[in-house]
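Residue numbers (this note's numbering): 7 to 82. Contents: one structure, followed by commentary.
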């Protein structure tokens, strides 16, 4: 039997957004960095939730995995 692994994208480590020192001179650039940092964190926790659900489907016990987001409630 071939081992089943979680999606490769969920195992990739995404670098944390870095603040460009020039952004300290611009409120818009600081806001953009805050948004980038927030969405980076949300993507990371979404990957953890997917890995949790994958582990649960593959027999892991004692997990409390969040449900996947409702596609009708996603912005955009």
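By construction, the Cβ of each residue, glycine as well, lies at the ideal position given by its N, Cα and C atoms. These figures come from a predicted structure and were not determined experimentally.
Point to revise | Bounding residues of the alpha helix (DSSP H) (the contiguous stretch that carries residue 62) | key: Looking at the DSSP string, the run of the alpha helix (DSSP H) that includes residue 62 is 33-63.
Practice item. Compute the beta-carbon to beta-carbon distance between residue 77 and residue 46, rounded to the nearest angstrom, for a pair I have assumed lies under 8 Å. Key: About 22 Å; that fails the 8 Å criterion.
Check your understanding: Whose CA, out of 38, 17, 19 and 18, lies closest to the CA of residue 26?
Key -> When each option's Cα is compared against that of residue 26, the closest is 38.
Exercise for review: Would you tell me roughly how many angstroms separate the C-alpha atoms of residue 21 and residue 65, rounded to the nearest one?
Suggested key: When rounded, the distance between both Cα atoms is 30 Å.
Exercise for review: With DSSP collapsed to three states, give me the class of residue 27.
Suggested key: Secondary structure of residue 27 (DSSP, three-state): helix.
Review point. In angstroms, rounded to a whole number, what distance separates the CA positions of residue 63 and residue 43?
Key: Annotation: residue 63 to residue 43 spans about 31 Å, alpha carbon to alpha carbon.
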